[in-house]
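**Q**
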Amino acid sequence: MDGKNCDIASSLVSPGYIRQGSQALDRRKKIIKSLLSERRLPKIDNVGLGEREGRVISDLVRKRHYGLSHGIGRSGELSAEQPKAAGSSLLAKLTNHLVKDACGIAGLEDVGKALTIPVATGMALVLALMALRERNPDATYVVWSRIDQKTCIKCISAAGYMPIVVPLKLEGNALVTDVDRIRSEIERVGASRIACVLSTTSCFAPRAPDDVVSVAKLCKAVDVPHVINNAYGIQSESMCKLVTSAWRKGRVDVVVQSTDKNFMVPIGGSVMLAHKHQTDVIDAVNSLYPGRASMSPSLDLLMTLLHLGASGWENVLRKRQHVEMYLRNTLQTVAKDIGESPLIIKGNDVSFGMTLNTFGSNASFLGSMLFQRSASGARVLVPGKTATQQRWELQQKK
Numbered sequence: 001m002d003g004k005n006c007d008i009a010s011s012l013v014s015p016g017y018i019r020q021g022s023q024a025l026d027r028r029k030k031i032i033k034s035l036l037s038e039r040r041l042p043k044i045d046n047v048g049l050g051e052r053e054g055r056v057i058s059d060l061v062r063k064r065h066y067g068l069s070h071g072i073g074r075s076g077e078l079s080a081e082q083p084k085a086a087g088s089s090l091l092a093k094l095t096n097h098l099v100k101d102a103c104g105i106a107g108l109e110d111v112g113k114a115l116t117i118p119v120a121t122g123m124a125l126v127l128a129l130m131a132l133r134e135r136n137p138d139a140t141y142v143v144w145s146r147i148d149q150k151t152c153i154k155c156i157s158a159a160g161y162m163p164i165v166v167p168l169k170l171e172g173n174a175l176v177t178d179v180d181r182i183r184s185e186i187e188r189v190g191a192s193r194i195a196c197v198l199s200t201t202s203c204f205a206p207r208a209p210d211d212v213v214s215v216a217k218l219c220k221a222v223d224v225p226h227v228i229n230n231a232y233g234i235q236s237e238s239m240c241k242l243v244t245s246a247w248r249k250g251r252v253d254v255v256v257q258s259t260d261k262n263f264m265v266p267i268g269g270s271v272m273l274a275h276k277h278q279t280d281v282i283d284a285v286n287s288l289y290p291g292r293a294s295m296s297p298s299l300d301l302l303m304t305l306l307h308l309g310a311s312g313w314e315n316v317l318r319k320r321q322h323v324e325m326y327l328r329n330t331l332q333t334v335a336k337d338i339g340e341s342p343l344i345i346k347g348n349d350v351s352f353g354m355t356l357n358t359f360g361s362n363a364s365f366l367g368s369m370l371f372q373r374s375a376s377g378a379r380v381l382v383p384g385k386t387a388t389q390q391r392w393e394l395q396q397k398k
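For the sequence shown, counting from 1, position 71 maps to 71 in the numbering used here; every step adds exactly one.
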């Protein structure tokens, strides 16, 4: 880190903090110079003093975190500079810039801001919904295009709202967005009482990604915020294009995605994205986050992106497309061989399925059998089965 690089770093972190780090580097250089030129024991007369924070007693823990123990942010906001940890602040801001660039490479264009948050997707959605309350404190409801995942309904409840569940329409073998029903629910309740419409791109077959473009146009027309749950979506070129089209043609306030599902890092982080002309919800989340935050999710993401580089990231995305095609074709062959029908849903390239009619009551055992054979992530859906989440009951229809 020479003088020129310190000057460049001053464009990301306040010059005063960078100067402090530069002075520490200069002191170390002087000690080395003195040692080499005088060949005597160096005089070290600068003793640091610190507070209770940032002290790590275990060498193993210190090494695991590379000595970055002060975290990021301050009590004011998540991305605020931390005076005692200018290096962490610099790395966190750099991570957000690299994430933005990686999203562009993946096909998600016109990103105005990217914010890496040290909570997983569900809690990130909670923060987004809570941030919307500042705009409309009288809002009571979130209009939610149904997806059978407990996290989605829990995040609405945790943020203090009531869900208005909009069922999907069956078109062929696919469950698709009922945009007309979303419109009628907004008209029934009144736009002023709705915090947002919550739509989803990445989902389990036979559900198709929500028609986020039509939803975005509707939200723009009725002046209702629109939040997109894009948990798996950055890895999918088609979903990136879908989100890009949505915020170009309509209203999208914030898009939330998982770091582990898209960038192959440990679970515990998420990324919020906003269009270049509408970043106020991300800004509100940044200010809403209380206290300091863990550096680990940002550091994991930064290290991974630097490990990959632009060409490595492009290669990962290409390899995923090849594997997706292989899975799609193989599943169709297997389904045909055993007398079942594949569920290949248009627009959904993150999840594939097949019917299990010939298995009868034994179908439910397939999930555990696959898991025991190291095939994780497979789900067996049994018609008529219900799941209770707090006061709501979700039923899988035939």
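For every residue, glycine included, the Cβ atom is placed at its ideal position computed from N, Cα and C. Being a predicted model, the structure only gives us computed values, none of them experimental.
Compute the beta-carbon to beta-carbon distance between L450 and P225, rounded to the nearest angstrom, for a pair I have assumed lies under 8 Å.
**A** This structure leaves residue 450 out entirely; the chain is present only between 1 and 398.
**Q** I need the straight-line Cα distance from D223 to V212, nearest angstrom please.
**A** Cα to Cα, D223 sits roughly 15 Å from V212.
**Q** Could you give the distance in angstroms between the alpha-carbon of I147 and the alpha-carbon of Y17?
**A** Taking the straight line from one Cα to the other gives about 46 Å.
**Q** Note down, in chain order, each residue of its chain lying with its Cβ closer than 7 Å to the Cβ of I267, except the 5 sequence neighbours on either side.
**A** Closer than 7 Å at Cβ, skipping near neighbours: A120, D260.
**Q** Using DSSP's beta-bridge definition, name the partner residues of R207.
**A** Looking at the DSSP assignment, R207 forms a beta bridge with L175.
**Q** Could you check whether the Cβ of S368 sits closer than 6 Å to any heavy atom belonging to the ligand MN?
**A** No copy of the ligand MN occurs in the structure displayed, which carries no ligand at all.
**Q** Bridge partners of C196, per DSSP?
**A** The partner list for C196 (beta bridge, DSSP) reads V142.
**Q** Would you give the residue range spanned by the beta strand (DSSP E) that T304 belongs to?
**A** Per DSSP, T304 belongs to no beta strand (DSSP E); it is in the alpha helix (DSSP H), 296 to 337.
**Q** Using C-beta distances below 6 Å, list every residue in its chain close to Y232, excluding the 5 sequence neighbours before and after it, in chain order.
**A** Counting only Cβ-Cβ distances below 6 Å, and skipping sequence neighbours, we find S202, K261, V350.
**Q** Among G67, K4, V56, K150, which has the Cα closest to the Cα of T386?
**A** Ranking G67, K4, V56, K150 by Cα distance to T386 puts K150 first.
**Q** Flag this pair as yes or no: are the beta carbons of S294 and P137 separated by less than 7 Å?
**A** No, Cβ-Cβ distance for S294 and P137 is not below 7 Å.
**Q** Tell me the rounded alpha-carbon separation between T200 and T244.
**A** Cα to Cα, the separation comes out at about 14 Å.
**Q** Pick helix, strand or coil for P15, following the three-state DSSP scheme.
**A** P15: helix per DSSP, three-state reduction.
**Q** Could you check if I8 is buried or exposed, using at least 16 other CB atoms within 10 Å of its CB as the buried criterion?
**A** Flag for I8 reads exposed.
**Q** What separation, rounded to the nearest whole angstrom, lies between the Cα atoms of I96 and V271?
**A** The identity of residue 96 in the sequence shown is Asn, whereas the question assumes Ile. Taking the straight line joining both Cα atoms gives about 9 Å.
**Q** What alpha helix (DSSP H) runs, 4 residues minimum, are completely inside the stretch 256 to 285?
**A** As far as the stretch 256 to 285 is concerned, its whole alpha helix (DSSP H) runs of at least 4 residues are 259 to 263.
**Q** For D2, count the other beta carbons within 10 Å of its own beta carbon; 16 or more makes it buried, fewer makes it exposed. Which is it?
**A** D2 is exposed by the Cβ-count criterion.
**Q** I'd like the list of long-range same chain contacts for F204, defined as Cβ closer than 7 Å, with 5 residues on each side in sequence excluded.
**A** Cβ neighbours of F204 beyond the five flanking positions: S351, R379.
**Q** Considering just the uninterrupted stretch of the alpha helix (DSSP H) at T201, what are its terminal residues?
**A** It is not in any alpha helix (DSSP H) - T201 carries neither H nor E in the DSSP assignment.
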